[in-house]
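Participant: Got a structure here, written out as structure tokens. Questions coming.
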Amino acid sequence: MRSKKHWGSLAAGLFAGLLVLPLGASAFAADPTPGSDQGGSPGPSAPAELKISTELPKEIKVANSSGKTTLTAKIINKGTKDTGQITLTVLGLDGMRITGVDGCVTVPENKLPKGTNTGFACVIDNLGAGADKSYTVSATYDLTKAGKICLPVTEGTSEKLLWQQGPVPFGTTKPTPNAPDTPLLLGTDNVPAAPPGGSASPTPSPSAPGTPAPTPPSQLPKTGVNDGVLPLLAAAGLLLFVGSTGIWWANTRHHRRRTH
Numbered sequence: 017m018r019s020k021k022h023w024g025s026l027a028a029g030l031f032a033g034l035l036v037l038p039l040g041a042s043a044f045a046a047d048p049t050p051g052s053d054q055g056g057s058p059g060p061s062a063p064a065e066l067k068i069s070t071e072l073p074k075e076i077k078v079a080n081s082s083g084k085t086t087l088t089a090k091i092i093n094k095g096t097k098d099t100g101q102i103t104l105t106v107l108g109l110d111g112m113r114i115t116g117v118d119g120c121v122t123v124p125e126n127k128l129p130k131g132t133n134t135g136f137a138c139v140i141d142n143l144g145a146g147a148d149k150s151y152t153v154s155a156t157y158d159l160t161k162a163g164k165i166c167l168p169v170t171e172g173t174s175e176k177l178l179w180q181q182g183p184v185p186f187g188t189t190k191p192t193p194n195a196p197d198t199p200l201l202l203g204t205d206n207v208p209a210a211p212p213g214g215s216a217s218p219t220p221s222p223s224a225p226g227t228p229a230p231t232p233p234s235q236l237p238k239t240g241v242n243d244g245v246l247p248l249l250a251a252a253g254l255l256l257f258v259g260s261t262g263i264w265w266a267n268t269r270h271h272r273r274r275t276h
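In the working numbering, the protein residues as written are 17 to 276.
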């Protein structure tokens, strides 16, 4: 049996070593699908000189047999100065569940904001001016429902929000239940395929494929949220979530260092 010291070293490497992987490492993958920052907005207290944004692919494909999909979440420093330590969190909502993000750790269930079902935290020690980093995201999508994703970026492990993309939907108004997979477009509410002899239910108000998202308000965007079930993803609520996640993450790293 392997010793506690061995597992402590392994955990320390997982929680700390992965944070300094070089750009282009095998844990990260480029997505051939063009990316978009649709549904994104700077945080209310983000410094003007720190221009961080995220991108999601404009289209993903969900396997009809398993509901599995993969996509790339990219974080970009469009400013003229280094970011210092930042945290990217990948959150799943409704019919979309995040099952893994390479190089990142699971957000505990009791730290997830109301309305989200899964999340992964990716702490980046620094992102230089003009640099970007891409993460491979694994997910499942229940095609009988609408599904959304959200990418908040915070300063270090604090509650200071620098950027948030979403919650933004992936979906289609033309289901393909008899095909191997179903293409889903970013910014489009999903209309589930009709069951045999019936009609699809529920049927959200679809956004026309390719239609640009409205300009986000000065507060955090809630692109694609039509039912108001995410009050904690408004500015104050998300900051509260990020703060508790930051405390969890900081304590986790501190504990790993002590045991190591």
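Cβ coordinates follow ideal geometry from the N, Cα and C atoms, glycine included. Quick caveat, the model's predicted, so the values are computed rather than measured.
#1: Pull up the CB-CB distance for E65 and G95, whole angstroms please, since I reckon it's below 8 angstroms.
#2: With a cut-off of 8 angstroms on the beta carbons, I'd call E171 and I76 a contact; round off their distance for me.
#3: Take the Cβ of P185 as the centre, count every other Cβ of all protein chains shown within 10 Å, and call the residue buried at 16 or more, exposed below.
#4: For the beta strand (DSSP E) that P58 lies in, which residues bound it at each end?
#5: Express the C-alpha separation of R113 and A89 in angstroms, rounding to a whole number.
#6: I'd like the list of long-range same chain contacts for G51, defined as Cβ closer than 8 angstroms, with 5 residues on each side in sequence excluded.
#7: Which same chain residues end up closer than 6 angstroms to G146 when comparing Cβ atoms and leaving out the 5 residues on each side of it in sequence?
#8: Starting from C166, follow the beta strand (DSSP E) in both directions and report where the run begins and ends.
#9: Can you find a heavy atom of the ligand SAH that lies under 7 angstroms from the Cβ of T105?
#10: Which stretch, first to last residue, makes up the beta strand (DSSP E) that contains A137?
#11: Taking the beta strand (DSSP E) that L143 falls in, what are its first and last residues?
#12: Could you check the C-alpha separation between S81 and N194 for me, to the nearest Å?
#13: Which partner residues does G111 have in the DSSP bridge list?
Facilitator: If we stick to the structure as given:
#1: 6 angstroms
#2: E171 to I76, Cβ: 29 angstroms. No contact.
#3: Buried, since its Cβ has 16 or more Cβ neighbours within 10 Å.
#4: Its beta strand (DSSP E) spans residues 56 to 58.
#5: 15 angstroms
#6: E71, L72, P73, K74, T88, K90
#7: none
#8: 163 to 171
#9: Ligands displayed in this structure: none; no statement on the ligand SAH is therefore possible.
#10: DSSP places A137 inside the beta strand (DSSP E), whose first and last residues are 132 to 140.
#11: No beta strand (DSSP E) contains L143, which DSSP labels as neither H nor E.
#12: 10 angstroms
#13: G111 pairs with nothing; no bridge assigned.
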